[in-house]
Amino acid sequence: MKLTMKVNGREVTGEVEGRTLLVDFLRSDLRLTGTHVGCDTSQCGACTVHVNGELVKSCTMFAAEADGAEIATIEGAAAEDGTLSAIQQAFQDHHGLQCGYCTPGMVMTAASLLKENPKPTEHEVRQYLEGNICRCTGYHNIVKAIMAASGQEMPAMAAE
Amino acid sequence: MYAFDIARPTTLDEAKAAIAAGGQALSGGQTLIPTLKARLAMPETLVSLHGIADLKGVSTDSAGRICVKGATVHRAVAEAVADSFPALSYLASRIGDPAVRNRGTIGGSVANNDPSACYPAAVLACDATVCTDRREIAADDYFQGMFTTALEEDEIVTEVKFPVPQAAAYEKFIQPASRFPLVAVFVARFADGVRVAITGASESGVFRWSAAEEALSANFTPDALDGLSVDADGMIGDLHGSKDYRAHLCGVMAKRAVARAV
Ligand SMILES: Cc1cc2nc3c(=O)[nH]c(=O)nc-3n(C[C@H](O)[C@H](O)[C@H](O)COP(=O)(O)OP(=O)(O)OC[C@H]3O[C@@H](n4cnc5c(N)ncnc54)[C@H](O)[C@@H]3O)c2cc1C
Ligand code: FES
Ligand code: FES
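Heads up: the protein sequence lines correspond to chains W and U, in order. Okay, so the first sequence: first residue is -11 according to the numbering used here, each after it adds one. Okay, so the second sequence: first residue is -2 according to the numbering used here, each after it adds one.
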């Protein structure tokens, strides 16, 4: 079937099968490979994007269901000239990534959190990240980065 | 996944026709899509309920019941009933993770009746009514064992109507890998007695703990549960917890729920 959607502000069209996942349409058809597939079983959140402003695991939604929707992916996070978003910059400053595989999903999730809750507590950040798994960092620096991006001082963490 | 078509109806009648013609309902897809990936289902057509405005929303009826339309996502329920039914709001706000709550729906959850799903505990404890495209089913008749319900093959859950308890709480012991309950308990006190429903624990799916209901109806305090226990026979035993452990957790989580509700 034919579909049309807006991805990072740009109108795109495509031809998909019913079973085509949104993540496969983004990665294979649009070549937007910043969105990762970590598990393909809805557990890890590496594939997280925004659909009409809402956080969604793009491996657990069909492309056909996004027909007519506005999609935001990690490729749209930085400014046109490459200037990183505040969240991306905070991940860099606070060493919030190691291999980087989970990072696109983490950044998209953090963006949703800060939109809903601009000054979250550490506990709220950790709870919001429940669907995003990182095998490298142990999460502390990710939490620090998100706290910093929210403009809050980061007190010493209990678990450190 | 095997190949299939996706239909995107905008009215319930169109969806009914498509499902009657052999299609399968697709709501949030948070259970069905992983199932399709594992090739455990082979539908020819998936009928998306997402575009049907009449299947979304939360309202209160003349009897004071909270009525949640079948394709309402968990997040919308959590927000809509935050003041009117905090225990249900809490339950919805702790399902899975934020992305799952943006897609997964109450209709999909009660239709699927996973033995560890959250909503069935609230539906059963509140004596809620499951409304479909053809009838109304009382909670006690609706849940018929693990992944089994009173629904017919092509029946669509259109709404769930919850009587609002005088006091209620949901306590979930999270299995950290899946974020489903290892064991969770919903306690609801009504004028005519207390109902206690437990999910995650039993091989027969969600169930009512009648001994606890009797004790709590006489005395609605955590201490009323002292000395009561759930039989480990028939509990789920797996690598996350033995039968005995789950049986023990039933008591612990029920006490916590009562402590929170009073
Ligand atoms: C990572 C993760 C964590 C999760 N954690 C939890 C948790 O903690 N607690 C919990 O309860 N659940 C949890 N879930 C499951 C989630 O709540 C699902 O959204 C829910 O179980 C199914 O709802 P759905 O709308 O996604 O249904 P779908 O996946 O679309 O459908 C499920 C089944 O129900 C049928 N169906 C769907 N809608 C209807 C309808 N209206 N009428 C009749 N049949 C219908 C479908 O045909 C299918 O067979 C989790 C899921 C994931 C991926
Ligand atoms: S790839 Fe989508 S949740 Fe892991
Ligand atoms: S940085 Fe490697 S998975 Fe998170």
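Note that CB positions come from ideal geometry on N, CA and C, so glycine has one too. The structure displayed is predicted, hence computed values, not measured ones.
Put simply, the backbone Cα of S138/W is about 15 Å away from that of L117/W. R72/U counts as buried, since at least 16 other C-beta atoms from the protein chains shown sit within 10 angstroms of its C-beta. Annotation note: the segment -1 to 43 of chain W contains the following uninterrupted beta strand (DSSP E) runs of length 3 or greater, listed N- to C-terminal: 36 to 39. Between the segment 203 to 214 of chain U and the segment 146 to 160 of chain U, the count of Cβ pairs shorter than 8 Å is below three; the stretches do not touch. Close partners of K34/U in chain W (Cβ separation under 8 Å): D28, T29. Secondary structure at G238/U: strand, using DSSP grouped into helix, strand and coil. Shown in chain order are the members of the segment 0 to 26 of chain W whose Cβ falls below 7 Å from a Cβ of chain U: E5, G6, R7.
Residue side-chain check: F177/U places its Cβ nearer than 8 Å to a non-hydrogen atom of ligand 1.
Within the DSSP bridge table, the entry for Q21/U names L43/U as partners. Interface criterion met: the Cβ of S175/U is under 9 Å from a Cβ in chain W. In summary, P95/U is buried, with 16 or more beta-carbon neighbours lying within 10 Å of its beta-carbon over all protein chains present. Residue state for F79/W is assigned as helix, using DSSP reduced to three classes. Contacts with chain U (Cβ-Cβ distance below 7 Å) from the segment 36 to 61 of chain W involve T36, E42, L43, V44, K45, T48, M49, F50, A52, E53, listed in chain order. Here the segment 55 to 73 of chain W does not lie against the segment 101 to 119 of chain W, with fewer than 3 beta-carbon pairs under 8 Å apart. D111/U sits buried, since 16 or more C-beta atoms from the chains shown fall within 10 Å of its C-beta. According to the DSSP secondary-structure assignment, I3/U is paired through a beta bridge with L43/U.
DSSP places T129/U in the uninterrupted beta strand (DSSP E) bounded by 126 to 129. Note: M(-7)/W is bridge-paired with V0/W in the DSSP secondary-structure output. With distances taken between CA atoms, A50/U lies nearest to R5/U out of R5/U, T126/U, Q172/U, I16/U. Annotation note: the segment 46 to 110 of chain U contains the following uninterrupted alpha helix (DSSP H) runs of length 4 or greater, listed N- to C-terminal: 71 to 77, 83 to 90, 95 to 100, 103 to 109.
Secondary structure of K169/U (DSSP, three-state): strand.
By the neighbour-count definition (other C-beta atoms within 10 Å, threshold 16), S46/W is a buried residue.
The beta carbon of V74/U lies closer than 8 Å to those of V55, V65, L85, S86, A89, I103 in the same chain, with the five residues before and after it left out. Those residues placing their Cβ nearer than 5 Å to any heavy atom of ligand 3 are, following chain order, L85/W, Q86/W, C87/W, Y89/W, C90/W, C122/W, R123/W, C124/W. Flagged as an interface residue toward chain U: L101/W, by a C-beta distance shorter than 9 Å. If you draw a 10 Å sphere on the C-beta of P108/W, you find 16 or more other C-beta atoms in it, and that means buried. When the five nearest sequence neighbours on each side are left out, the beta carbons in the same chain lying within less than 7 Å of the beta carbon of T61/W are those of V(-5), N(-4), L14, L20, G22, T23, V37, in order along the chain. Classified as buried, R98/U has 16 or more neighbouring CB atoms from the shown chains inside 10 Å of its CB. Within chain W, the C-beta atoms nearer than 7 Å to that of D2/U come from G6, in chain order. With respect to chain U, the C-beta atom of M(-11)/W has a partner C-beta closer than 9 Å.
In this structure, A198/U lies near L246/U, with their beta-carbon atoms less than 9 Å apart. Closer than 8 Å to some heavy atom of ligand 2: that describes the Cβ of S46/W. The residues A65, A66, in chain order, have a CB closer than 7 Å to that of S73/W in the same chain once the five nearest residues on each side in sequence are set aside.
Taking 7 Å as the upper bound on Cβ-Cβ separation, chain U lies near residues Y116, E118, G119 of the segment 111 to 125 of chain W. Between I63/U and V44/U the beta-carbon gap is near 27 Å, outside 8 Å, which marks them as no contact. G41/W and S100/W have their C-alpha atoms roughly 8 Å apart.
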